[in-house]
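K.L.:
Sequences listed follow chains A and B, in order.
According to this note's numbering, the residues represented by the first sequence are 12 to 912, in order.
According to this note's numbering, the residues represented by the second sequence are 41 to 442, in order.
After the structure tokens below, expect a handful of questions from me.
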Amino acid sequence: MKLLSATVRNYRIHKETTVSLGEDMVLLHGPNESGKSTLAEAIHRAFFLKAKGDTSLHKAMESRHGGTPQVELTFEAKGKKHTLTKSFGKGNKGKTVLQIQGAETLNEDAAGEYMASLLHVEGAVSGGGIENKMKGRWAHLWVWQGESHGSPLHHLAESAQQLRGELQRRSGQDILSSPTDNALIDSLQAWAKENYIKDKQPRAGSPVARLTGECEALQAQLQAAAAKVESLRDAAKRYLEAEADRIRHQQNLETSEQRRQQVTEELKKVERVRFQLERKSHEYQNASKALEDAEAIDREIHSLEKKLDSLEKKAAPGGRRLEALATEIKDLRQSVELARKEREEASAVRDQLRREQDLWIATGEILKATNAQKEAEKHLRESRQLQEQVKALRDRLAPLRDFTKEALAELEKRERKRDRAKLTLDSFSMEIEVLESEHAVSFDGQQLPAGSSRRSSQTGELHIGQNTRIRLSPGGARDLEEARRKWESAGESLKESLRQCGAESVAQARQYHHARESIQQDLDKLLARIEDKNPAATATALDEIRQSLLRYQSRRRELLENTADPGIPPSLSEVEDRQESLRRKLDVAESTYKEAQTRETARREKLRHTEEEYQQTEQRRKKEVDEIRDLQSQRKLLLEKNGEQATRARKIEEARKYRDRIAEEEKAERRNLQKLGADALTIESEQLQKAIQSARQNLADARDRRTRAQTELSRSGSNDPESERKEIEANLQRSRARLAALERKGQQRLDLLHRLEKARQETNAAMARPLEEAVTPYLEILFGSGSPRLTWSEDGSQLKQIEIDRTDSSADLFAFDRLSHGTREQVALALRLAVAGILAGAHDGQLPLVLDDAFTHADQQRIARLKTMLYRASQHGLQILLLSCHPEHYHGLAGKEVRLG
Amino acid sequence: MVTTHRFSFTKAGCFTFYRLMPRFLHTADWQVGKPFHGIEDTDKRERLRRQRLQTIEDLQAIIAEHELAFVVVCGDLFDSPTPDASTVVALCAAVGSLSVPVYAIPGNHDHAGPGCIWQQPFFCREREERAPNFHVLLEPAPVTLQNTAVFLPCPLSRRQESEDPTAWLRSPPNDLPEDLPRIVLAHGSTQGFSSSDEAKSPNQIDMDLLPADAYDYIALGDWHGYKEIWPKAWFSGTPEQDRFAKGEGNRPGHALLVEVPQRGGTVSVQPLPTGKIGWHAPDPVHLTGDSDLEALREQLNALLGNRTHKDVLRLKLTGALTFAGFSKLEKLREQWEARLLRLQSDFQIQLEPSGDELEALCHREDPLIARVARQLREEMPENPEAGEALRELYLEIERVAP
């Protein structure tokens with residue numbers, strides 16, 4: 012179908028507008044309100060809206076220009092030119108006339124049916140919901156203003172069947188799915204959802220899950236029941252074992268007790284033999300002991316005699332030695348006494364000489380002290396004289412004490428200061444000398460004749476004649492006055508100082524100072540001499556000398572108590588001579604004494620040694636004698652008790668024979684005991700005792716175990732564990748069988764469902780492919796590359812999803828809704844073009860596509876590509892009617908332009 | 041020439057008169073309390089259990105009709121060595137309903153031994169109260185029934201006795217009365233007849249080692265069909281069948297009427313039918329097509345008659361059915377299961393949908409169903425499960441779009 016022209020009369024703003032549309036691409040442009048969209052609407056309603064009617068749509072067509080809205084379309088279809096004229100209105104106003112080239116004109120319903128067949132729609136739209144119905148008509152080919160970015164899939168409902176048929180034809184597929192197909196799948200899906208979760212896991216509460224749970228519970232019950240049965244079996248087994256044990260232990264016990272009785276009888280015999288043996292053993296021990304005692308006594312007597320003989324031989328030399336030592340001691344005592352006397356004599360001589368020496372030493376010391384005492388007293392006297400001289404000098408020095416060197420220096424300093432002030436004053440004075448003058452010259456009223464002079468240190472006026480007055484000021488008047496004041500002050504200060512020190516002048520003060528210095532020197536000399544004399548030390552020494560003197564005098568008196576006083580020589584040297592003489596004598600006496608003393612000591616030492624040896628020898632001798640006496644006593648006692656040698660030998664022989672006889676008897680008893688097997692019997696008795704105890708214990712244990720097992724086996728009879736176990740087992744088997752059957756059936760149904768779903772998916776995919784292939788070239792124009800992915804709804808009733816595979820992007824598939832506004836607009840166009848291209852097959856290969864301001868969101872670059880897409884579409888059987896108020900955007904569109912307004 | 045003596049018997053088990061030619065009932069393997077766990081329906085299970093007791097009680101008719109002196113039960117009176125109280129009471133009541141003494145030995149199912157049911161206080165009380173005519177012989181020692189017979193019991197004291205329980209009879213016990221018939225009561229398998237599947241089963245009785253002339257009748261239990269081993273050695277079988285019979289000539293559901301004229305005399309044994317429940321195990325049926333189903337239905341109807349809840353059926357089917365045939369078989373199965381006490385089915389049926397069925401499936405107007413059906417059809421030769429999946433698809437379509 013191809014639109015050739017459209018004439019709109021009395022249609023809203025259009026009084027009568029005719030546009031020629033006979034090209035593959037037409038750009039209808041004009042300013043806003045120029046009626047572009049109204050024209051598109053009018054064409055659409057001419058195709059699809061029933062002419063007769065009074066609906067809101069009919070009313071909306073009415074024009075301000077009045078008259079019945081009428082649209083006249085000329086188009087080409089099925090190789091013929093058609094002119095469709097529709098007048099819209101109620102009653103007779105609504106008319107449809109279709110003129111077909113070379114055929115009769117059709118009116119009203121006939122025209123409507125023809126058009127419906129031509130347009131592949133269900134007749135003209137009328138009745139309730141008319142607006143929505145109209146909106147759905149050729150919605151995929153009619154892009155109304157503002158709706159270009161919406162998914163075209165939503166507008167395919169009306170054409171879905173047709174599109175599906177076309178796609179089937181192109182893909183070679185059956186129809187997508189039938190209602191029964193979908194009902195079956197729905198039923199299986201509902202069943203699967205009810206019974207399974209993902210991964211074919213049974214859903215909780217589903218029959219499979221319930222049966223699985225039931226099987227697990229039964230399995231647990233079965234284990235418990237089997238355990239119960241097993242427990243009973245075990246109890247029966249234990250009962251039998253315990254009973255067998257009980258019988259065995261009972262037999263053991265009886266056997267052991269019987270044997271123990273026999274053993275006990277035999278052991279009694281053993282006891283009797285053992286008693287005899289013990290008695291013989293005792294007798295043997297006694298006999299042995301008696302023999303040993305006799306032999307021991309004999310040995311003891313022999314030993315005593317031997318020892319006594321030895322001791323006597325050993326003690327003999329000791330007596331002789333003792334006598335020799337007594338003689339020696341006596342001689343030594345005499346010798347010691349002689350030496351003692353010699354030492355005492357030498358001691359007396361020495362002591363006498365010592366006393367004489369002490370007397371003369373004391374005498375010497377007395378002489379020395381007397382002389383020292385005299386010398387000290389002399390020093391003390393001289394010291395007192397010097398101190399008197401010092402006192403005199405100090406009396407002379409007292410008045411002159413202020414004329415010290417420093418005081419004199421201060422006076423001289425002040426005198427010099429006064430003299431310097433005087434000198435300064437004098438230097439400031441001036442001398443006026445009149446050498447020659449014709450006029451009277453006077454100074455401060457004092458006339459100075461020629462040749463006179465005057466010295467003045469003060470300011471004064473010099474008058475020369477009557478008219479000449481000259482003021483003379485020596486130095487500066489102020490300095491002169493200052494010099495004078497200083498000179499007077501220095502003079503006063505000097506006078507004050509002289510007055511204080513009591514001198515009349517500095518020269519007198521200097522004289523006093525010289526006198527003071529001379530006295531001070533004399534005083535210092537005296538003080539030095541006194542210091543040399545050290546009268547305090549001399550007084551102390553004198554006291555000590557006096558005490559020493561008293562001590563020696565006392566000592567001399569002591570020494571003279573038993574001796575005549577030889578007197579005190581006047582000369583100390585004489586005393587010293589006497590001392591020397593006595594010292595030599597004393598040395599000789601000391602030597603003599605020491606010799607005597609040494610001699611005595613040696614003799615006393617020898618005596619002591621000899622006495623000690625005597626004592627030791629005497630003690631040994633005594634001990635030996637005592638020992639001999641003891642041995643003799645013992646021997647005597649033993650002989651008295653045991654007799655002499657022959658007697659003792661006889662007794663020993665008798666004891667030996669007795670012992671040997673008893674030994675033989677003991678051996679005989681021991682053999683008897685051995686013959687009875689005593690040890691083995693004892694061991695066996697013990698073993699039997701233990702065996703009996705053990706058997707009794709085991710018997711009790713077996714009885715106890717039997718009783719316990721019996722208790723376990725005693726049932727109330729209220730249930731049958733074996734039967735319960737079998738029933739549970741049977742239930743479990745049934746449940747398992749049911750579960751297996753259910754699972755098998757479930758797997759079959761799941762498999763069936765999967766097969767059906769897969770078949771539907773494959774069919775859907777195959778059915779979508781021709782459309783995807785038709786869209787792809789447009790997308791390549793848009794994006795350079797890319798392909799669409801179209802998905803049919805599961806029941807195949809409609810295309811439900813479009814996704815774009817942008818191979819130039821790293822991202823995955825883009826769902827249509829995720830695309831930008833502009834891209835959606837462009838992708839939607841691509842799809843519309845593709846769908847229209849496919850549907851065009853049923854319309855002689857050509858279909859109009861109306862785009863009313865469809866690219867408001869596209870930039871210039873995209874518009875350029877859109878133009879290419881539109882051009883391509885127009886070359887593939889589509890008639891593009893493009894409405895826009897911006898014709899400049901479509902420069903180079905290569906189509907016909909129609910301006911409105 | 042049969043000499044009949046008058047006698048009377050009291051519940052206390054005392055004879056006032058006796059006959060020299062004792063006539064008695066030989067039975068065994070009552071297995072009262074057998075749970076029939078294999079049957080899921082508890083009501084049906086209970087019916088089978090109750091019938092075992094009823095059959096015991098029904099023995100009274102035989103006893104009365106043939107004026108029997110006593111009954112010997114050769115083991116396995118209980119199914120379990122630990123029957124519950126209810127079962128004990130029921131058995132005692134059933135035995136107590138019989139008018140003659142009942143002499144029993146424990147078998148492998150209800151063996152003696154420590155803690156055995158026969159020594160449990162509960163059983164002893166019940167036996168005393170409800171069945172004073174009930175005598176359980178627990179020791180392998182002769183028991184003389186005054187002026188009537190000598191019982192030589194061979195009780196089992198454990199489930200699996202490795203020793204021959206009749207070993208003690210290989211030399212006849214001393215001091216046996218010379219003039220009384222000697223009746224051996226034993227439970228176990230003889231050569232070639234064992235209730236166990238194992239080649240070498242326990243509780244073996246070596247009949248050859250028993251001195252043939254020493255005993256007059258050897259009453260055997262364990263084998264569930266009655267069987268003559270020697271002319272005077274018989275298995276009585278169970279009076280009420282409890283499982284499908286093994287092998288040819290296995291005839292469960294009987295009791296033996298035994299007559300021993302005198303010590304050393306010739307024994308007369310007469311099997312009497314006692315069982316009420318039908319245990320049917322027809323030969324496997326091979327179904328060549330859906331049409332065979334009708335023949336099968338008729339065959340089973342003929343087998344079961346109008347009986348309801350009185351039969352157990354083991355049915356093995358082989359062959360192939362179409363989807364429709366299979367659905368029909370399922371419906372039949374439901375019907376049989378409701379009617380029978382148990383249907384033990386072993387249906388090894390191959391699904392062989394008809395060409396029409398497959399064509400219909402593979403060329404449905406529903407493209408997906410048709411496509412999957414085609415896939416499965418192609419897989420069928422290699423994958424048996426594909427056939428089942430195809431059938432599931434078939435059934436699912438019936439459910440969704442009937």
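C-beta: ideal position from N, C-alpha, C; glycine also.
Keep in mind that this is a model prediction, so the values were computed, not measured.
1. In the DSSP assignment, find the beta strand (DSSP E) that holds residue 852 (chain A) and state where it starts and stops.
2. Measuring CB to CB, does residue 508 (chain A) end up less than 7 Å from residue 431 (chain A)?
3. With distances taken from CA atoms, which of A:361, A:898, A:877 and A:393 is nearest residue 593 (chain A)?
4. To the nearest angstrom, report how far apart residue 165 (chain A) and residue 94 (chain A) are at their CA atoms.
5. If the cut-off is 7 Å on Cβ atoms, which residues from the segment 109-121 of chain B count as contacting chain A, listed in chain order?
6. Please tell me whether, using a cut-off of 6 Å, the distance from the CB of residue 721 (chain A) to the nearest non-hydrogen atom of the ligand NAP is below it.
7. Anything in chain B within Cβ reach of residue 734 (chain A), meaning under 9 Å, just list it in chain order.
8. So what's residue 443 (chain A) in DSSP terms, helix, strand or just coil?
9. Note down the Cα distance separating residue 857 (chain A) from residue 34 (chain A), rounded to an integer number of angstroms.
10. Suppose the cutoff is 7 Å on Cβ atoms and the five residues either side in sequence are ignored; what does the same chain contact list for residue 52 (chain B) look like?
11. How long is the line joining the alpha carbons of residue 711 (chain A) and residue 256 (chain B), rounded to whole angstroms?
12. Within the 7 Å Cβ cut-off, does residue 771 (chain A) reach chain B?
13. So for residue 275 (chain B), helix, strand or coil by DSSP?
14. Counting only beta-carbon separations shorter than 7 Å, does residue 172 (chain A) have a partner in chain B?
15. Is residue 365 (chain B) buried or exposed, if buried means 16 or more other CB atoms sit within 10 Å of its CB?
16. Quick one: residues in its chain with C-beta nearer than 6 Å to the C-beta of residue 291 (chain B), no 5 flanking neighbours on either side, listed in chain order?
17. Please return the same chain residues whose Cβ sits closer than 6 Å to the Cβ of residue 878 (chain A), not counting the five positions on each side in sequence.
18. Have a look at residue 560 (chain A) and residue 377 (chain A) and give me their C-alpha separation to the nearest angstrom.
19. Identify the contact partners of residue 247 (chain A) in chain B, using a Cβ-Cβ distance below 7 Å as the criterion.
20. Relative to chain A, which residues along the segment 418-442 of chain B have a C-beta separation below 8 Å, given in chain order?
21. Relative to the alpha-carbon of residue 915 (chain A), which residue among A:330, A:42, A:899 and A:810 has its alpha-carbon at the smallest distance?
22. Could you tell me whether any Cβ in chain B is nearer than 7 Å to the Cβ of residue 766 (chain A)?
23. DSSP on residue 261 (chain B), reduced to helix/strand/coil?
24. Within the same chain, show all residues whose beta-carbon is closer than 8 Å to that of residue 233 (chain A), passing over the 5 residues directly before and after it, in chain order.
25. Please classify residue 115 (chain A) as buried or exposed, where buried requires at least 16 other C-beta atoms within 10 Å of its C-beta.
26. If contacts are defined as beta-carbon pairs under 8 Å, then residue 950 (chain A) and residue 638 (chain A) qualify, I think. What distance do you get, rounded to the angstrom?
27. Quick check on the burial criterion: 16 or more other C-beta atoms within 10 angstroms. Buried or exposed for residue 124 (chain B)?
28. What are the start and end residues of each continuous alpha helix (DSSP H) run of 4 or more residues lying completely inside the segment 311-394 of chain B, in chain order?
29. Between the C-alpha atoms of residue 625 (chain A) and residue 337 (chain A), what's the straight-line distance to the nearest angstrom?
30. Taking the alpha helix (DSSP H) that residue 778 (chain A) belongs to, which residues open and close that run?
31. Do residue 539 (chain A) and residue 428 (chain A) come within 7 Å of each other at the CB atom, strictly closer than that value?
32. Taking beta-carbon pairs under 8 Å, can you tell me which members of the segment 377-390 of chain B lie near chain A?
33. Closer than 9 Å, Cβ to any Cβ of chain A: which residues of the segment 399-416 of chain B, in chain order?
34. Quick one: is residue 194 (chain A) near chain B, going by C-beta distance under 7 Å?
35. Rounded to the nearest angstrom, what separates residue 453 (chain A) and residue 493 (chain A) at their Cα positions?
36. State the CB to CB distance for the pair residue 841 (chain A) and residue 782 (chain A), rounded to an integer number of angstroms; the pair is presumed to be in contact (CB under 8 Å).
P.N.:
Based on what the coordinates show:
1. In the DSSP assignment, residue 852 (chain A) falls outside any beta strand (DSSP E) and carries neither an H nor an E.
2. No, the pair does not count as a contact, with Cβ atoms beyond the cut-off.
3. With distances taken between Cα atoms, residue 593 (chain A) lies closest to A:361.
4. Each residue's Cα considered, the two are about 31 Å apart.
5. Flagged, chain order: 120 and 121.
6. With respect to small molecules bound, the structure shown includes none, and the ligand NAP cannot be examined in it.
7. Result: 73, 74, 75, 77, 119, 120, 122, 123, 124 and 127.
8. Three-state DSSP puts residue 443 (chain A) in a strand.
9. Cα to Cα, residue 857 (chain A) sits roughly 12 Å from residue 34 (chain A).
10. At residue 52 (chain B) the pLDDT is 41, less than 50, meaning the model places this residue with poor confidence and gives no usable figure here.
11. Near 46 Å, if we compare the C-alpha coordinates of residue 256 (chain B) and residue 711 (chain A).
12. Taking Cβ atoms only, chain B reaches closer than 7 Å to residue 771 (chain A), which makes this a yes.
13. Strand.
14. Not closer than 7 Å to any Cβ of chain B, the Cβ of residue 172 (chain A) fails to qualify, so no.
15. Residue environment: residue 365 (chain B) is assigned as buried (16 or more neighbouring CB atoms within 10 Å of its CB, all protein chains considered).
16. Taking residue 291 (chain B) as the centre and dropping the five residues before and after it, the same chain places the C-beta of 265 and 266 closer than 6 Å to its C-beta, in chain order.
17. Its chain contains 904 as the residues whose beta carbon lies nearer than 6 Å to that of residue 878 (chain A), once the 5 sequence neighbours on both sides are disregarded; these appear in chain order.
18. About 6 Å.
19. Chain B residues near residue 247 (chain A): 153, 154 and 155.
20. Only those residues of the segment 418-442 of chain B whose C-beta falls short of 8 Å from the nearest C-beta of chain A are listed: 425, 428, 429, 432, 433, 436, 437, 439, 440 and 441.
21. Nothing can be reported for residue 915 (chain A): it is not among the residues displayed for chain A, which extend from 12 to 912.
22. Taking Cβ atoms only, chain B reaches closer than 7 Å to residue 766 (chain A), which makes this a yes.
23. In the structure shown, residue 261 (chain B) sits in a strand (DSSP, three-state: E or B).
24. Excluding residues within five positions, the ones whose Cβ falls inside 8 Å are 736, 739, 740 and 743.
25. Residue 115 (chain A) comes out exposed.
26. Nothing about residue 950 (chain A) can be reported from this structure: the residues present for chain A run from 12 to 912 only.
27. Buried.
28. Listed in chain order, they are 332-344 and 363-379.
29. Answer to the nearest angstrom: the Cα atoms are 7 Å apart.
30. That run of the alpha helix (DSSP H) goes 732-794.
31. Cβ atoms of residue 428 (chain A) and residue 539 (chain A): not closer than 7 Å.
32. Along the segment 377-390 of chain B, none of the residues has a CB nearer than 8 Å to a CB of chain A.
33. The residues in question are 404, 405, 406, 407, 408, 409, 410, 411, 412, 415 and 416.
34. At a cut-off of 7 Å between beta-carbon atoms, residue 194 (chain A) makes contact with chain B.
35. Taking the CA atoms as reference points, residue 453 (chain A) sits about 27 Å from residue 493 (chain A).
36. Wrong, their Cβ atoms sit about 11 Å apart, outside the cutoff.
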